[in-house]
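Chains as they are written, first to last, in this note's numbering: chain W, 1 to 241; chain V, 1 to 226.
Backbone N, C-alpha and C define an ideal beta-carbon position, used for all residues, glycine too.
For reference, the structure discussed in these notes is given below.
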Amino acid sequence: MPKWALAYFGLTLVVMAYGFYAAMVAPKEATMGNLYRVFFYHLPHTILSFVFPYLNCGASFLYLYWRSRNVERAAAADAFALASAEITVLYASIGLATGMLWGRAAWGIWWAWDARMTTYLLLWLLYVSYLLVRRFSATGQTAVISAVLAIFAAIDVPICFMSIRWWRTQHPSAVFGGGDNSGIDPSMVPAVLWNMLAWAMWGGFLIGMRYAIERRRQRLSNAHALGFLGDEIPQAFQEAR
Amino acid sequence: MNYAQHVLTHLRKDLRLEWRTKDSINGMLFFALLVVVVLAMAFDPASYPTMTRQISGGLLCVAVLFAAMTALNQSWARETHNNVLDAHRLSAAPASALFVGKALANFLFVMAVEVVLAPIFTVFYNLHPLGETWKLLIILPLGTWALVVNGTFFAALSLRSRNRETLLPLVLLPISMPALLAMIQATTAVLTGEFEPILWIKVLVAYVIVFTTACVLLFQTILSAD
Numbered sequence: 001m002p003k004w005a006l007a008y009f010g011l012t013l014v015v016m017a018y019g020f021y022a023a024m025v026a027p028k029e030a031t032m033g034n035l036y037r038v039f040f041y042h043l044p045h046t047i048l049s050f051v052f053p054y055l056n057c058g059a060s061f062l063y064l065y066w067r068s069r070n071v072e073r074a075a076a077a078d079a080f081a082l083a084s085a086e087i088t089v090l091y092a093s094i095g096l097a098t099g100m101l102w103g104r105a106a107w108g109i110w111w112a113w114d115a116r117m118t119t120y121l122l123l124w125l126l127y128v129s130y131l132l133v134r135r136f137s138a139t140g141q142t143a144v145i146s147a148v149l150a151i152f153a154a155i156d157v158p159i160c161f162m163s164i165r166w167w168r169t170q171h172p173s174a175v176f177g178g179g180d181n182s183g184i185d186p187s188m189v190p191a192v193l194w195n196m197l198a199w200a201m202w203g204g205f206l207i208g209m210r211y212a213i214e215r216r217r218q219r220l221s222n223a224h225a226l227g228f229l230g231d232e233i234p235q236a237f238q239e240a241r
Numbered sequence: 001m002n003y004a005q006h007v008l009t010h011l012r013k014d015l016r017l018e019w020r021t022k023d024s025i026n027g028m029l030f031f032a033l034l035v036v037v038v039l040a041m042a043f044d045p046a047s048y049p050t051m052t053r054q055i056s057g058g059l060l061c062v063a064v065l066f067a068a069m070t071a072l073n074q075s076w077a078r079e080t081h082n083n084v085l086d087a088h089r090l091s092a093a094p095a096s097a098l099f100v101g102k103a104l105a106n107f108l109f110v111m112a113v114e115v116v117l118a119p120i121f122t123v124f125y126n127l128h129p130l131g132e133t134w135k136l137l138i139i140l141p142l143g144t145w146a147l148v149v150n151g152t153f154f155a156a157l158s159l160r161s162r163n164r165e166t167l168l169p170l171v172l173l174p175i176s177m178p179a180l181l182a183m184i185q186a187t188t189a190v191l192t193g194e195f196e197p198i199l200w201i202k203v204l205v206a207y208v209i210v211f212t213t214a215c216v217l218l219f220q221t222i223l224s225a226d
């Protein structure tokens, strides 16, 4: 790992620690008490998991653009698309899990089919299916197929969002009450912002790591492929390391 | 030849193939019928008319979706015999014409299944729709096109993957969830007469426009994926 990456990692840990501190010293919430503190983890994860899909979509567009123009850049874009999709699924899983824990404690049920949860579940499903396609598709086509699918998924997210909102406003669910964080006390704002920053940095770090791993895998598999052509494999392996 | 003629040629070819074998339509029809019977085991359609009205719109759409999925894989498998797909790639005709022709053919097959299935549904489930049933003539074709256009595209996408029969539903179901939701809600609105289907028809129209455009633009990329 290069030095700047280590420094970034250290800085991320510091910000995360401070975020944790800020979340724990923030004033108690009036009705939920300490229970609401999961909010400081739930909110950043959910918001970020709506941001990462668009990194994925952007990288997929770049892949399709560079595919026939610059093979090396195209491979990098593909690696980035994979990394951002995996971190999307990771963050969405954490968002779902914290949301369910919170829902169970606050409302007494694990899951309500309300607008936000349903949209979020669909987002999770879309990107899990993206990862499955990457796993199942034939070797030479994985990148193209998954890039096209990523564009479809990114188009689908806003449509899902709107249609499910209309669906749930048409049939209001009675079980659901509270949980609307449209207004929070100003004393809680710093904790929210610090945690937001911490988890954004952590997400960036994970994407960077995953990207580096995927690039290394690409170089190794290229080296293998070259190995069938001649005796360049030891050198190619050296470069890949 | 202009674009419309290319589309028409592909459409005619697919219809002729289907006319000679009748594989897709027969398979889909029987499968959808089985789904109707199986779902009747899950609840008692005759004794609870109100509940039946509320859920049978959804059941019809789901039966159609599952039936369509069985045929969608087959529709591209035909093109892989004797490397026909490579010939399509070499051809000077626009690639999207091939896609539009096949999507139209699949649309006609699924619509044919619905025309047979809807009366069966009404009889078996003892349905008395309370809304304006003529609106189904707008809703069902729109919803079917929304499912079929994406289905045809993703069937082409998963054509050369290792396990394409498994892959298609895994990709198609999450993507077409908004279309399925809109189709179910609009059908339910017509059957129960409790609310207006117009909002959901608009959602379907928007979905159809957006995804038809995306499919047509990206099909060339999929066809020459390797």
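Quiz item: Taking the alpha helix (DSSP H) that W:LYS28 falls in, what are its first and last residues?
Solution: Counting from one through the first sequence, the residue named residue 28 of chain W turns up at place 28. Looking at the DSSP string, W:LYS28 is not in any alpha helix (DSSP H), and its letter there is neither H nor E.
Quiz item: Can you find a CB in chain W that lies within less than 8 Å of the CB of V:LEU181?
Solution: Position 181 of the second sequence holds residue 181 of chain V. Yes - at least one Cβ of chain W is within 8 Å of the one on V:LEU181.
Quiz item: Would you say V:SER91 faces chain W, with C-beta separation under 8 Å as the test?
Solution: In the second sequence, residue 91 of chain V corresponds to position 91, counting from 1. Chain W, which has no Cβ nearer than 8 Å to the Cβ of V:SER91, makes this no.
Self-check item: 8 Å Cβ cutoff, V:PRO197 in contact with chain W
Solution: Locating residue 197 of chain V in the second sequence gives position 197, counting from the first residue. It does not; no Cβ of chain W falls within 8 Å.
Exercise. Starting from the Cα of V:PRO178, find the closest Cα among V:SER161, V:TRP200, V:PRO169 and V:VAL35 and give me that residue.
Key: Position 178 of the second sequence, counted from the first residue, corresponds to residue 178 of chain V. Minimum Cα distance to V:PRO178 is reached at V:TRP200.
Quiz prompt | Where the alpha helix (DSSP H) through W:PHE40 begins and ends | solution = Numbered from 1 along the first sequence, position 40 holds the residue referred to as residue 40 of chain W. Looking at the DSSP string, the run of the alpha helix (DSSP H) that includes W:PHE40 is 39-66.
Self-check item: Listed by chain order, chain W residues near V:LEU59 by CB distance under 8 Å
Solution: As a working mapping, residue 59 of chain V is identified with position 59 in the second sequence. Chain W residues near V:LEU59: none, gap ~18 Å exceeds 8 Å.
Practice problem: Starting from V:GLY101, follow the alpha helix (DSSP H) in both directions and report where the run begins and ends. | Solution: For the purposes of this step, residue 101 of chain V is identified with residue 101 of the second sequence, where counting begins at 1. Taken as a continuous stretch (DSSP letters only), the alpha helix (DSSP H) holding V:GLY101 covers 95-124.
Quiz item: Can you name the start and end residues of the alpha helix (DSSP H) that V:SER56 belongs to?
Solution: Residue mapping note: residue 56 of chain V aligns to position 56 of the second sequence, counting from 1. Unbroken alpha helix (DSSP H) run through V:SER56: 49-80.
Self-check item: Residue-level contact to chain V via CB, W:ASP78, 8 Å cutoff
Solution: To locate residue 78 of chain W, count along the first sequence from 1; it is residue 78. Cβ-Cβ to chain V under 8 Å: no for W:ASP78.
Quiz item: Of all the CB atoms in chain V, is at least one closer than 8 Å to the CB of W:SER129?
Solution: Counting from one through the first sequence, the residue named residue 129 of chain W turns up at place 129. True, the Cβ-Cβ gap to chain V drops below 8 Å.
Self-check item: Proximal residues to V:LEU136 (C-beta, below 6 Å), its chain only, five neighbours per side dropped
Solution: Numbered from its first residue, the second sequence carries residue 136 of chain V at position 136. For V:LEU136, where only same-chain residues beyond five positions count, the Cβ hits under 6 Å are VAL190.
Quiz item: Which residues in chain V sit within 9 Å of W:LEU126, going by Cβ to Cβ distance?
Solution: As a first step, residue 126 of chain W must be located in the first sequence, where it is residue number 126. Within 9 Å Cβ-Cβ: PRO174, ILE175 and MET177.
Exercise. Compute the Euclidean distance between the alpha carbons of W:MET201 and W:MET24, then round it to the nearest angstrom.
Key: As a first step, residue 201 of chain W must be located in the first sequence, where it is residue number 201. As a first step, residue 24 of chain W must be located in the first sequence, where it is residue number 24. Each residue's alpha carbon lies about 20 Å from the other.
Quiz item: Among V:THR133, V:LEU167, V:PRO169 and V:LEU170, which one has its Cα closest to the Cα of V:THR188?
Solution: Reading the second sequence from its first residue, position 188 is the one you call residue 188 of chain V. Of the candidates V:THR133, V:LEU167, V:PRO169 and V:LEU170, the one whose C-alpha sits nearest the C-alpha of V:THR188 is V:THR133.
Self-check item: Touching by the beta-carbon criterion (3+ pairs, under 8 Å), the stretch 96-113 of chain W and the stretch 61-76 of chain W
Solution: no
Exercise. Consider the Cβ of V:VAL239: report whether some Cβ of chain W lies at a distance smaller than 8 Å.
Key: With chain V running from 1 to 226 in the structure shown, residue 239 of chain V is simply not present.
Quiz item: Listing by chain order, which chain W residues have their CB less than 8 Å from the CB of V:LEU98?
Solution: Here residue 98 of chain V corresponds to residue number 98 of the second sequence, with the count starting at 1. In chain order: nothing, as chain W lies at least about 16 Å away.
Quiz item: First and last residue of the alpha helix (DSSP H) that includes V:HIS88?
Solution: Looking up residue 88 of chain V in the second sequence gives position 88. Here the alpha helix (DSSP H) through V:HIS88 covers 84-90.
Quiz prompt | Run of the alpha helix (DSSP H) containing W:GLY204, from where it starts to where it stops | solution = Working through the first sequence from its first residue, we reach residue 204 of chain W at position 204. First-last of the alpha helix (DSSP H) with W:GLY204: 189-227.
Quiz item: In or out: W:VAL14 buried (at least 16 other Cβ within 10 Å) or exposed?
Solution: On the first sequence, position 14 is the one that residue 14 of chain W refers to. So W:VAL14 ends up on the exposed side.
Practice problem: Starting from V:TYR207, follow the alpha helix (DSSP H) in both directions and report where the run begins and ends. | Solution: By one-based count along the second sequence, residue 207 of chain V stands at place 207. From DSSP, the alpha helix (DSSP H) with V:TYR207 extends over 198-223.
Quiz prompt | Reference V:LEU98, options V:SER75, V:VAL37 and V:SER24, closest by Cα | solution = Walking along the second sequence from the start, residue 98 of chain V turns up at place 98. If we check each option's Cα against that of V:LEU98, V:SER75 comes out closest.
Quiz item: Measuring CA to CA, which of W:VAL89, W:TYR18, W:VAL133 and W:GLY140 is closest to W:LEU123?
Solution: Taking the first sequence and counting its residues from 1, the one referred to as residue 123 of chain W is at position 123. That would be W:VAL89, whose Cα lies nearest to the Cα of W:LEU123.
Exercise. Would you please verify whether the beta carbon of W:VAL71 is less than 8 Å from any beta carbon of chain V?
Key: Counting from 1 along the first sequence, the entry for residue 71 of chain W is found at position 71. With 8 Å as the cut-off, W:VAL71 does not count as an interface residue toward chain V.
Quiz item: When you check each C-beta in the stretch 132-149 of chain W against every C-beta of chain V, which residues fall closer than 7 Å?
Solution: LEU132, VAL133, PHE136, SER137, ALA138, GLY140, GLN141, VAL144, ILE145, VAL148 and LEU149
Quiz item: In chain W, what lies closer than 7 Å to V:THR221 by C-beta?
Solution: Translated into the one-based positions of the second sequence, residue 221 of chain V becomes position 221. Here the neighbours are LEU64, VAL144 and VAL148.
Quiz item: Apart from the five residues on each side of it in sequence, which residues of its chain come closer than 7 Å, Cβ to Cβ, to V:ILE234?
Solution: Missing from the structure shown is residue 234 of chain V; chain V here goes from 1 to 226 and no further.
Quiz item: When the Cα atoms are used, what is the spatial distance from W:SER248 to W:ALA147?
Solution: The structure shown does not extend to residue 248 of chain W, since chain W is modelled only from 1 through 241, so no value can be given for it.
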